[in-house]
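Residue numbering for the sequence shown follows the working numbering, beginning at 262 and increasing consecutively. Beta carbons are placed, not taken as given, at the ideal position from N, Cα and C, and that holds for glycine. Since the model is a prediction, treat every value here as computed from it, not as a measurement.
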Amino acid sequence: MSFDAAAAFIRRTDTGISPSQAEQLELYSLYKQATEGDAQGSRPSIVNPTARAKWDAWNERKGMDKTKAAEEYINTVAKICPGWQSK
């Protein structure tokens, strides 16, 4: 199982899965932490609740190693869609 394969699977539109909003935020935050490290910039304004929620979720991962974030991303994909590798 690779991080890139898990990310590609989640980006596909033909998987038939529908992650909850909480799962989407978890995947987003783990992806960003794995690819970019700690959240940068200032927290988005309350007038942009989507950007703010995404930044907050990412910022909660502050200090997490990129490799650990990638591993957790793969595990989260497996939790949301068991057997995703064969789909």
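Can you name the start and end residues of the alpha helix (DSSP H) that residue i belongs to?
i: T337; result: 327-341
i: K293; result: 282-297
i: D265; result: 264-272
i: T311; result: 310-320
Could you pull out every residue in the same chain whose Cβ sits closer than 8 angstroms to the Cβ of residue i, ignoring the five residues on either side in sequence?
i: A318; result: L286, E287, Y289, S290
i: R304; result: R313, W316, D317, N320
Please identify the residue among the options whose C-alpha is closest to the C-alpha of residue i.
i: G302; options: A295, Y292, K315; result: K315
i: M325; options: P310, I341, Y292; result: Y292
i: S279; options: N336, C342, K348, A331; result: C342
i: K323; options: T296, W345, S347, K348; result: T296
i: T311; options: Q282, A300, Q346, F264; result: Q282
i: G298; options: T328, I307, N309, V308; result: T328
i: E284; options: A300, T337, R272, I307; result: T337
Report yes if the C-beta distance between residue i and residue j is below 9 angstroms; otherwise report no.
i: T276; j: K348; result: yes
i: G331; j: F264; result: Sequence inspection shows Ala at residue 331; the Gly mentioned does not correspond to that position. In contact: A331 and F264 (Cβ atoms closer than 9 angstroms).
i: A268; j: Y334; result: yes
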